[in-house]
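Quick notes on the structure that follows.
Residue numbers (UniProt numbering), protein chains in the order written: chain A, 1 to 229; chain B, 1 to 229.
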């Protein structure tokens with residue numbers, strides 16, 4: 001039952017900053033599955049060639065490679081039904097899709113302008129050019145011009161969280177009394193940010209901040225080492 | 001097991017336009033519970049006094065009055081566990097909160113500017129002054145000035161739907177293969193709009209439009225009469 005998770009890393013291999021990789025790391029810890037997290041960099045396409053994917057996360061379990069965070073999560077749920085559930089049943093699988101889609105399509109776009117330059121700064125030398133070129137093509141402007149007003153962007157990011165904030169006023173986790181994959185999807189964004197930036201994304205009295213701290217407190221030992229310092 | 005649902009109505013009592021009342025109507029139909037929908041108007045506070053609430057929806061079941069759509073939905077689920085579930089289990093209850101919060105805090109605010117004048121036009125005479133005064137106080141401007149650019153507002157409303165659109169590309173309903181309360185929360189917004197406006201909120205090839213039509217097809221007989229024409 002050997003499990004390996006390929007995770008996006010910066011120049012410092014302990015600086016893991018892909019929100020999608022974090023989802024799977026949190027899911028593996030939730031299920032209590034031992035695994036090795038293997039740092040991988042944007043330009044190391046060859047090291048992933050065996051998997052048929054050119055992006056992480058890639059999970060390898062008993063020699064089988066699985067790519068794409070949602071596919072990996074579904075695999076973990078199906079392969080380890082005796083372990084704590086990621087979704088809380090069939091309706092949970094269906095309902096969690098909104099948490100994931102909202103994170104991908106609303107939360108990440110609100111966050112990425114605040115992090116771009118920090119990510120670039122922390123990357124391995126070989127990755128910097130790839131990162132700059134691919135992101136400048138996506139945004140149609142130099143990295144340095146994507147976020148002309150960080151303060152306004154931060155305020156907008158905080159407003160974006162309003163539906164999650166309302167849920168976390170009513171219950172401890174998005175999944176209820178205990179975190180589920182819905183929590184891991186949203187927390188992935190905060191761990192991504194934490195990996196590269198010292199910016200205080202949330203105000204101290206924000207219910208989302210209290211939840212973020214609860215989630216940090218629950219990290220497994222391996223992850224704790226990665227977010228320390 | 002007599003059930004009465006007090007629902008917000010326009011001058012025409014068959015024009016029901018509260019998104020929160022629609023949620024409960026759809027929930028009652030989902031559970032296959034017979035009920036009487038009783039039209040109520042903003043200024044008929046006295047008619048609700050017995051319930052302790054001054055707003056609809058109010059549900060009366062076996063002489064017990066329950067207000068607030070989320071409280072009513074929880075009541076229906078607890079009181080009728082033998083009927084089809086609204087949430088699909090405990091995790092479903094917790095996860096559905098995001099669908100509801102997102103509808104309340106993101107979808108409704110994107111929609112309301114497009115509907116304000118239509119709502120006002122359809123109200124009973126006695127309600128119009130109440131509606132204008134309360135909404136103008138909320139928006140800090142005349143009703144006529146809330147939506148200076150309806151085309152831009154419509155485009156923004158459609159963009160707002162992006163996470164729901166992504167979910168409905170992957171599955172037939174927000175609840176999965178069958179609708180759940182998560183669907184009723186979002187559909188309430190579209191039935192609210194349909195009650196007062198002829199505006200085509202969605203493009204014909206939008207997956208959200210295909211879902212909206214599936215939801216319309218599943219309406220019970222009583223609701224079908226209300227949305228006809």
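All C-beta atoms, glycine included, are put in the ideal place defined by N, C-alpha and C. Quick caveat, the model's predicted, so the values are computed rather than measured.
If you draw a straight line from the alpha carbon of residue i to that of residue j, how long is it in whole angstroms?
{"i": "residue 191/A", "j": "residue 22/B", "result": "39 Å"}
{"i": "residue 136/B", "j": "residue 111/B", "result": "16 Å"}
{"i": "residue 122/B", "j": "residue 143/B", "result": "14 Å"}
{"i": "residue 154/A", "j": "residue 165/B", "result": "26 Å"}
{"i": "residue 86/B", "j": "residue 79/B", "result": "12 Å"}
{"i": "residue 187/A", "j": "residue 125/B", "result": "50 Å"}
{"i": "residue 34/B", "j": "residue 133/B", "result": "37 Å"}
{"i": "residue 60/A", "j": "residue 3/A", "result": "6 Å"}
{"i": "residue 149/A", "j": "residue 198/A", "result": "17 Å"}
{"i": "residue 76/B", "j": "residue 84/B", "result": "11 Å"}
{"i": "residue 120/A", "j": "residue 25/B", "result": "52 Å"}
{"i": "residue 73/A", "j": "residue 41/B", "result": "48 Å"}
{"i": "residue 13/B", "j": "residue 8/A", "result": "59 Å"}
{"i": "residue 185/A", "j": "residue 70/B", "result": "25 Å"}
{"i": "residue 170/A", "j": "residue 170/B", "result": "28 Å"}
{"i": "residue 109/B", "j": "residue 152/B", "result": "14 Å"}
{"i": "residue 213/B", "j": "residue 227/B", "result": "12 Å"}
{"i": "residue 157/B", "j": "residue 200/B", "result": "12 Å"}
{"i": "residue 17/A", "j": "residue 118/A", "result": "11 Å"}
{"i": "residue 82/A", "j": "residue 116/B", "result": "52 Å"}
{"i": "residue 216/A", "j": "residue 172/A", "result": "13 Å"}
{"i": "residue 103/A", "j": "residue 160/A", "result": "10 Å"}
{"i": "residue 15/A", "j": "residue 66/A", "result": "23 Å"}
{"i": "residue 106/A", "j": "residue 106/B", "result": "11 Å"}
{"i": "residue 39/B", "j": "residue 208/A", "result": "39 Å"}
{"i": "residue 93/A", "j": "residue 174/B", "result": "10 Å"}
With DSSP run on the structure shown, which of helix, strand or coil describes residue i?
{"i": "residue 17/B", "result": "coil"}
{"i": "residue 57/B", "result": "coil"}
{"i": "residue 222/A", "result": "helix"}
{"i": "residue 176/B", "result": "strand"}
{"i": "residue 203/B", "result": "coil"}
{"i": "residue 12/B", "result": "coil"}
{"i": "residue 146/B", "result": "coil"}
{"i": "residue 44/B", "result": "coil"}
{"i": "residue 152/A", "result": "helix"}
{"i": "residue 228/A", "result": "coil"}
{"i": "residue 33/A", "result": "coil"}
For the beta strand (DSSP E) that contains residue i, what are its first and last residues?
{"i": "residue 37/A", "result": "36-40"}
{"i": "residue 4/B", "result": "3-8"}
Would you mind reading off the limits of the alpha helix (DSSP H) that contains residue i?
{"i": "residue 64/B", "result": "Here residue 64/B belongs to no alpha helix (DSSP H); instead the beta strand (DSSP E) covers 64-67."}
{"i": "residue 188/A", "result": "181-196"}
{"i": "residue 141/A", "result": "Premise fails: residue 141/A is in no alpha helix (DSSP H) and is neither H nor E."}
{"i": "residue 51/B", "result": "Unbroken run through residue 51/B: none, as it is neither H nor E."}
{"i": "residue 166/B", "result": "162-170"}
Given that a residue counts as buried once 16 or more other Cβ atoms are within 10 Å of its Cβ, and exposed if not, what is residue i?
{"i": "residue 20/A", "result": "buried"}
{"i": "residue 46/B", "result": "exposed"}
{"i": "residue 113/B", "result": "buried"}
{"i": "residue 203/B", "result": "exposed"}
{"i": "residue 179/A", "result": "buried"}
{"i": "residue 37/A", "result": "buried"}
{"i": "residue 27/B", "result": "buried"}
{"i": "residue 52/A", "result": "exposed"}
{"i": "residue 163/B", "result": "buried"}
{"i": "residue 56/A", "result": "buried"}
{"i": "residue 32/A", "result": "exposed"}
{"i": "residue 176/B", "result": "buried"}
{"i": "residue 91/A", "result": "buried"}
{"i": "residue 225/A", "result": "exposed"}
{"i": "residue 182/B", "result": "buried"}
{"i": "residue 88/B", "result": "buried"}
Could you pull out every unbroken alpha helix (DSSP H) segment of at least 4 residues lying fully inside the segment 73-132 of chain B, listed in chain order? 90-102 and 108-122
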